[in-house]
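Beneath this line is the structure, given in structure tokens, with notes to follow.
Protein chains: 2
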Amino acid sequence: MKLEEEIKQQQFRDPFYKAVLNIRVTESWLSTRMNQMLKPFGISQEQYNVLRILKGQFPKPSSLLLITERMVNRMSNATRLVEKLRQGGYVTRKECPGNRRKVDILITEKGLELLEQIKPEVEATMDKMKNLNQEEADLLNTLLDKFRG
Amino acid sequence: MKLEEEIKQQQFRDPFYKAVLNIRVTESWLSTRMNQMLKPFGISQEQYNVLRILKGQFPKPSSLLLITERMVNRMSNATRLVEKLRQGGYVTRKECPGNRRKVDILITEKGLELLEQIKPEVEATMDKMKNLNQEEADLLNTLLDKFRG
DNA sequence: TAAAATTAATTGTACAAACATATATATTAT
DNA sequence: ATAATATATATGTTTGTACAATTAATTTTA
Chain A
1 MKLEEEIKQQ
11 QFRDPFYKAV
21 LNIRVTESWL
31 STRMNQMLKP
41 FGISQEQYNV
51 LRILKGQFPK
61 PSSLLLITER
71 MVNRMSNATR
81 LVEKLRQGGY
91 VTRKECPGNR
101 RKVDILITEK
111 GLELLEQIKP
121 EVEATMDKMK
131 NLNQEEADLL
141 NTLLDKFRG
Chain B
1001 MKLEEEIKQQ
1011 QFRDPFYKAV
1021 LNIRVTESWL
1031 STRMNQMLKP
1041 FGISQEQYNV
1051 LRILKGQFPK
1061 PSSLLLITER
1071 MVNRMSNATR
1081 LVEKLRQGGY
1091 VTRKECPGNR
1101 RKVDILITEK
1111 GLELLEQIKP
1121 EVEATMDKMK
1131 NLNQEEADLL
1141 NTLLDKFRG
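Each protein sequence line maps, in turn, to chains A and B. Residue numbers for the first sequence follow my numbering, so the first one is 1 and each next one is one higher. Residue numbers for the second sequence follow my numbering, so the first one is 1001 and each next one is one higher.
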């Protein structure tokens, strides 16, 4: 759907400013769908992302710093996201033996099972949204990387 | 900067899922810079956007519904964003004479002046971020429109 | 080795996002 | 004209974002 219809605006100061709005609108469109899909599982998009980071390191534990570096939104608060996941039983936290400033965070069996349950739902959601072929997706990635300089 | 470095992840399940992450990372990158720029003016990116919508309608008043339809993030709360702007003296609210359910929202002189003050700062921020030429921006817009189906 | 600087995480605060639900007014159907 | 439905906005709640400031542990350097 064209941006013009999406936000009922016909004129943009230039194609670049239009792209700025388009990125924001598309992100919002995307997050709405991802969060809808995750809702039955009781976790948010950010919490899902943190679980995937932890699975990527598993069975090695991760520090909050490692998680922050890999998070989509650098400004959100890893401490509090992890605490929510801990309350759900999806991760454990313990003091790092070698460095008492650090916290070793580990995904639990329950956390890994949750990711397995979510997997087919993510695949289905992705398939439903997949309006770009591989070449177009590659091109979009190139342009977004270039957008950030 | 490549997404791989941005979130320290080397593998992605496919180019489409990579694009999903890339859109979210780019939006976050963008919003951080826009909000930084707006900070000295004491308004957020969404409040700025609402002011621009109101200016687009000026001197006609806008309803909350009209604002919601034009907002970048449909899920955020127009009532509360407008209330913040009213507290700052940038907009007025009054009951719509023809339909008492509606609220007529109008940008004030102070609101229009704020937009004028912000304008050169936005231009400067855009120039600093402008890593795409016009053809690339057009192509990015086409791909994002197609992404949303 | 004590002081200074750095690192890692936590806590506090204000605001925004993402809903669900409620309230008031207007429109329509009976 | 009354009841049912739809429309427009407001309110409540939980979580996330965007910082700044604090605390505690470690490393550096004087």
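Glycine included, every Cβ here is placed at the ideal spot set by N, Cα and C.
From the DSSP output, which residues share a beta bridge with Ile67 of chain A?
Numbered from 1 along the first sequence, position 67 holds the residue referred to as residue 67 of chain A. Answer is none; Ile67 of chain A lacks a bridge partner.
Just to confirm, are Lys1002 of chain B and Asp145 of chain A a CB contact at a threshold of 8 Å?
Taking the first residue of the second sequence as 1, we reach residue 1002 of chain B at position 2. Taking the first residue of the first sequence as 1, we reach residue 145 of chain A at position 145. Taking 8 Å as the Cβ cut-off, Lys1002 of chain B and Asp145 of chain A qualify as a contacting pair.
Measuring only between beta-carbons, confirm whether Lys119 of chain A sits less than 8 Å from chain B.
Within the first sequence, the letter at position 119 stands for residue 119 of chain A. Chain B, which has no Cβ nearer than 8 Å to the Cβ of Lys119 of chain A, makes this no.
If the cut is a Cβ gap below 7 Å, which residues of chain B does Val20 of chain A touch?
As a working mapping, residue 20 of chain A is identified with position 20 in the first sequence. Within 7 Å Cβ-Cβ: Leu1030.
Spatial neighbours of Lys1055 of chain B within its chain, please: C-beta separation below 7 Å, excluding the five flanking residues on both sides.
The sequence position of residue 1055 of chain B within the second sequence is 55, counting from 1. Contacts found: Ile1107, Leu1112, Leu1115.
In this structure, how does DSSP classify Arg52 of chain A when only helix, strand and coil are distinguished?
Numbered from 1 along the first sequence, position 52 holds the residue referred to as residue 52 of chain A. Here Arg52 of chain A sits in helix by DSSP.
Are any of the Cβ atoms in chain B nearer than 8 Å to that of Gln134 of chain A?
Numbered from its first residue, the first sequence carries residue 134 of chain A at position 134. Yes, its Cβ sits closer than 8 Å to a Cβ of chain B.
Please identify the residue among B:Ile1023, B:Ser1063, B:Phe1012 whose C-alpha is closest to the C-alpha of Ser31 of chain A.
Mapped onto the first sequence, residue 31 of chain A falls at position 31. Of B:Ile1023, B:Ser1063, B:Phe1012, the residue nearest in Cα terms is B:Ile1023.
For Arg1017 of chain B, go through chain A and note every residue whose CB falls closer than 8 Å to its CB, in chain order.
By one-based count along the second sequence, residue 1017 of chain B stands at place 17. The sequence as given places Tyr at residue 1017 of chain B; Arg does not occur at that position. Within 8 Å Cβ-Cβ: Met126.
Listed by chain order, chain A residues near Glu1091 of chain B by CB distance under 9 Å
On the second sequence, residue 1091 of chain B is found 91 positions in, with the first residue counted as 1. One point to set straight first is that residue 1091 of chain B is Val, not Glu, in the sequence displayed. Per Cβ cutoff of 9 Å: no residues; Val1091 of chain B is ~19 Å from chain A at best.
Ser1028 of chain B, DSSP secondary structure in three states
In the second sequence, residue 1028 of chain B corresponds to position 28, counting from 1. Three-state DSSP puts Ser1028 of chain B in a helix.
Determine whether the beta carbon atoms of Leu64 of chain A and Val82 of chain A lie at a separation below 8 Å.
Within the first sequence, the letter at position 64 stands for residue 64 of chain A. Within the first sequence, the letter at position 82 stands for residue 82 of chain A. Against a cut-off of 8 Å, the Cβ pair of Val82 of chain A and Leu64 of chain A comes out as a contact.
Would you say Leu1132 of chain B and Leu143 of chain A are within 8 Å of each other, going by their C-beta atoms?
Here residue 1132 of chain B refers to the residue found at position 132 of the second sequence. Here residue 143 of chain A refers to the residue found at position 143 of the first sequence. Yes; because the gap between Cβ atoms is below 8 Å, this pair is in contact.
May I ask you to report which of helix, strand or coil DSSP gives Arg13 of chain A?
Within the first sequence, numbered from 1, the residue matching residue 13 of chain A stands at position 13. Coil at Arg13 of chain A, not helix or strand.
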